[in-house]
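Residue numbers for the sequence shown follow the numbering used here, so the first one is 5 and each next one is one higher. Ideal Cβ positions, reconstructed from N, Cα and C, are used throughout, including at glycine.
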Amino acid sequence: MSDNFEIGGIAVPIGQRKAIDLHLGRLYDYTELTLPVEVIRGVEPGPTFFISGAVHGDELIGTAIVKKIINDKRVKKLKGTLLAIPIVNVFGFNNLSRYLPDRRDLNRCFPGTSKGSLGSTIANLFTNEILKKCQYGIDFHSGAIHRSNLPQIRISFERDSDKDLAEAFGAPVVLNSKLRDGSLRDTASDHGVQTLLFEGGEALRLNEGVIRFGVNGAFAIMEKIGMLPPGSHRPVSRSYVAHSSYWVRAPSAGMIRLTRNLGSKVREGTLLGQLTDAFGHTVRKVIAPSEGVVIGISKLPLVNKGDALFHIATFEDSDLVRRLASELNDIGDDLYV
5 MSDNFEIGGI AVPIGQRKAI DLHLGRLYDY TELTLPVEVI RGVEPGPTFF
55 ISGAVHGDEL IGTAIVKKII NDKRVKKLKG TLLAIPIVNV FGFNNLSRYL
105 PDRRDLNRCF PGTSKGSLGS TIANLFTNEI LKKCQYGIDF HSGAIHRSNL
155 PQIRISFERD SDKDLAEAFG APVVLNSKLR DGSLRDTASD HGVQTLLFEG
205 GEALRLNEGV IRFGVNGAFA IMEKIGMLPP GSHRPVSRSY VAHSSYWVRA
255 PSAGMIRLTR NLGSKVREGT LLGQLTDAFG HTVRKVIAPS EGVVIGISKL
305 PLVNKGDALF HIATFEDSDL VRRLASELND IGDDLYV
């Protein structure tokens with residue numbers, strides 16, 4: 005391990021921590037914006053590991069998770085180097101928006117270029133200053149506006165090492181998710197960085213149960229990769245690997261009354277909700293087509309035909325569904341607020 009870890013031209017010695025601002029640009033009024041990075045270095049050699057939040061600017065829960073991690077006393081014991089980036093999309097974060105000012109999705113701009121669009125230059129900075137210096141990482145996300153997700157890890161099942169890392173995190177569900185061109189995770193993979201994508205909660209909202217999963221999972225990964233000694237974290241739950249997943253969509257327009265929530269066990273024919281018209285008459289029932297567990301849900305009662313309402317994970321056998329639903333029931337209601 006090098007005596008000095010350099011980022012943005014600033015050296016951070018072994019055993020020290022430093023907050024560094026990487027220049028992003030200026031607003032219309034000439035206010036400078038920077039990418040905040042906290043570098044925490046252990047006194048012993050070990051991996052370099054990044055944790056990032058708010059790649060989508062309205063997904064505040066990732067920021068809250070990163071802040072809790074870097075202020076936890078356990079980071080004083082770590083080996084190697086931790087890079088914490090609580091707010092990646094600073095422009096969207098300040099505007100409570102998922103997107104950049106030009107309406108681009110930052111998570112489709114990677115690896116970026118130094119002379120491209122705003123999103124491309126931010127992605128290029130992150131790729132060069134963060135990704136290329138790491139071996140592992142976790143990118144924290146939440147559901148979109150009016151959509152909430154059960155805590156889950158998304159990876160590509162193509163690499164067994166990624167699956168082992170995902171299960172060590174301890175989220176209730178591990179879901180197969182193909183790499184998307186232009187995403188942070190895709191670029192990380194291109195550079196050999198094992199990266200988990202965490203999903204949990206809802207945009208513009210904080211949820212203490214989801215934050216707890218994110219924090220504990222990050223420390224579980226640090227323990228798994230040798231940055232922390234065994235016994236440094238307390239598992240919240242075991243992970244269940246989903247075989248696949250699907251969305252149940254609205255069969256017609258109306259106002260929906262949900263009869264199932266996040267973490268609910270469903271089987272073929274289970275009533276998920278009822279759609280009513282302006283006079284309160286039931287227009288259509290929303291029915292589960294097969295067995296699984298609800299891992300994502302729309303929280304907006306007004307729906308149009310075809311709107312995504314329930315995200316359901318499926319598993320290889322019914323026993324896994326039963327056990328996962330039972331564990332989720334024991335965790336507590338704060339997960340579903």
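Check: Just to confirm before moving on: does the CB-CB distance between Ala-58 and Phe-97 stay below 8 Å?; Outcome: yes
Check: Taking the CB atoms as reference points, tell me whether Thr-125 and Phe-114 lie closer together than 8 Å.; Outcome: no
Check: With a threshold of 16 other CB atoms inside 10 Å of the CB of Thr-286, please say whether the residue is buried or exposed.; Outcome: exposed
Check: Less than 7 Å between the CB of Val-240 and some heavy atom of the ligand GTP, yes or no?; Outcome: Looking at this structure, you won't find the ligand GTP or any other ligand, since it has none at all.
Check: Short check: CB of Pro-239 to CB of Lys-81, under 8 Å?; Outcome: no
Check: Counting C-beta neighbours from all protein chains within 10 Å, is the total for Tyr-34 16 or more, i.e. buried, or is it exposed?; Outcome: exposed
Check: What residue does the beta strand (DSSP E) around Met-259 start on, and which one ends it?; Outcome: 258-262
Check: State buried or exposed for Asn-308, treating a residue as buried only when at least 16 other CB atoms are found within 10 Å of its CB.; Outcome: exposed
Check: Of all the alpha helix (DSSP H) runs that stay within the bounds of the stretch 39-94, which reach a length of 4 or more residues?; Outcome: 64-74
Check: Exposed or buried, Glu-42, counting other C-beta atoms within 10 Å across all chains shown (16 or more means buried)?; Outcome: buried
Check: Answer yes if the stretch 152-162 comes into contact with the stretch 203-216, meaning at least three C-beta pairs across the two stretches below 8 Å, and no otherwise.; Outcome: yes
Check: Would you mind sorting Val-47 into buried or exposed? The rule is 16 or more other CB atoms within 10 Å of its CB.; Outcome: exposed
Check: Considering only the alpha carbon of each residue, which of Arg-78, Thr-85, Leu-179 and Asp-76 lies closest to Ser-6?; Outcome: Thr-85
Check: What is the DSSP secondary structure of Lys-137, counted as helix, strand or coil?; Outcome: helix
Check: Apply the 10 Å Cβ neighbour rule to Gly-29 and answer buried if 16 or more other Cβ atoms are within range, or exposed otherwise.; Outcome: exposed
Check: What are the boundary residues of the beta strand (DSSP E) that includes Ser-249?; Outcome: 248-253
Check: Just the C-alpha distance for Arg-45 and Ala-292, rounded to the nearest angstrom, thanks.; Outcome: 49 Å
Check: Considering Val-197, what are the terminal residues of the beta strand (DSSP E) in which it resides?; Outcome: Counting along the chain, Val-197 falls outside any beta strand (DSSP E), and DSSP gives it neither H nor E.
Check: Would you call Ala-282 buried or exposed, if buried means 16 or more other Cβ atoms sit within 10 Å of its Cβ?; Outcome: exposed
Check: Name the DSSP beta bridge partners of Phe-144, please?; Outcome: Gly-57 and Phe-202
Check: Residues in its own chain within less than 6 Å of Glu-63 by CB, not counting five upstream and five downstream?; Outcome: His-145, Ser-146 and Ala-207
Check: Do you know whose CA, among Leu-100, Ala-23, Glu-36 and Pro-40, lies nearest His-60's CA?; Outcome: Leu-100
Check: Grab me the residues of Asp-185's own chain with a C-beta within less than 8 Å of its C-beta, minus the 5 sequence neighbours each way, in chain order.; Outcome: Arg-112
Check: Cβ atoms of Lys-72 and Val-297: under 8 Å apart, would you say?; Outcome: no
Check: Using C-beta distances below 7 Å, list every residue in its chain close to Gly-12, excluding the 5 sequence neighbours before and after it, in chain order.; Outcome: Ile-24, Leu-26 and Glu-133
Check: With respect to the beta strand (DSSP E) encompassing Val-240, which residues constitute its N-terminal and C-terminal limits?; Outcome: Where Val-240 is concerned, there is no enclosing beta strand (DSSP E), given that its DSSP letter is neither H nor E.
Check: CB-CB under 7 Å to Phe-54, same chain, minus the five flanking residues each way: which ones, in chain order?; Outcome: Leu-87, Ile-89, Ile-134, Cys-138 and Gly-141
Check: Check whether the stretch 251-271 touches the stretch 312-319, counting contact only when three or more Cβ pairs, one atom from each stretch, lie closer than 8 Å.; Outcome: yes
Check: Please state whether the Cβ-Cβ distance between Val-178 and Ala-172 is less than 8 Å.; Outcome: no
Check: Report the rounded CA-to-CA distance for Gln-278 versus Lys-119, giving the unit in angstroms.; Outcome: 51 Å
Check: Check Phe-217 in the structure and name its three-state DSSP category.; Outcome: helix
Check: What first and last residue would you give for the alpha helix (DSSP H) that runs through Asn-169?; Outcome: According to the sequence as given, residue 169 is Leu; it is not Asn. Counting along the chain, the alpha helix (DSSP H) containing Leu-169 begins and ends at 164-173.
Check: Would you mind giving the Cβ-Cβ distance between Pro-305 and Ser-243, rounded to the nearest angstrom? I have them listed as a contact below 8 Å.; Outcome: The Cβ separation is near 32 Å, so there is no contact.
Check: Rank Met-259, Gly-267, Val-325 and Arg-108 by C-alpha distance to the C-alpha of Gly-284 and give the top, closest one.; Outcome: Met-259
Check: For Arg-326, which residues in the same chain have their Cβ closer than 8 Å to its Cβ, ignoring the five residues on either side in sequence?; Outcome: Lys-269
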